[in-house]
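Below: the structure, in structure tokens.
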């Protein structure tokens with residue numbers, strides 16, 4: 001049910017309204033309804049309980065937001081650590097490629113070219129390139145994940 005102000009009324013509010021209406025009708029209408037000290041205290045306590053419930057809900061909502069933020073921070077920290085590990089893997093692969101390229105240049109610069117050494121160096125370079133490809137893909141995925149996580153903050 002929606003009241004005159006356009007807000008939804010809860011079930012407990014509807015029950016309370018029905019009780020009040022019933023009591024007013026029992027005593028013969030609003031003109032005959034007696035406002036007692038006990039009634040005023042009851043209304044006062046009711047308002048206090050309502051305000052306490054609102055504070056409690058706000059506190060719970062704030063707690064949930066803080067927990068979600070902490071979880072996102074934790075995920076962000078884990079992603080940043082993963083990015084560092086992947087970057088180190090890429091650096092190792094690049095160093096291996098660079099070292100093998102230098103060896104290959106040395107083997108090609110001598111008079112008596114040893115084809116076995118050249119093939120071995122070339123195979124190591126290929127292996128380094130293949131090992132570098134997966135971490136590059138992983139890195140781009142982690143960066144996308146990090147951006148997405150930062151956008152939801």
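In the UniProt record's numbering, the protein residues as written are 1 to 153.
All C-beta atoms in this analysis are idealised placements derived from N, C-alpha and C, irrespective of residue type, glycine included.
Assigned exposure category for residue i - 16 Cβ within 10 Å defines buried
i           : result
residue 12  : exposed
residue 22  : exposed
residue 110 : exposed
residue 20  : exposed
Beta carbon of residue i nearer than 8 Å to that of residue j
i           : j           : result
residue 90  : residue 146 : no
residue 142 : residue 83  : yes
residue 97  : residue 139 : no
residue 93  : residue 119 : no
residue 122 : residue 104 : yes
residue 100 : residue 124 : yes
residue 30  : residue 24  : yes
Nearest residue (CA-CA) to residue i, options the options
i           : options           : result
residue 95  : 137, 55, 127, 51  : 127
residue 86  : 8, 136, 151, 45   : 136
residue 148 : 123, 72, 122, 115 : 72
Limits of the alpha helix (DSSP H) - the one that residue i falls within
i           : result
residue 115 : 115-151
residue 64  : 37-109
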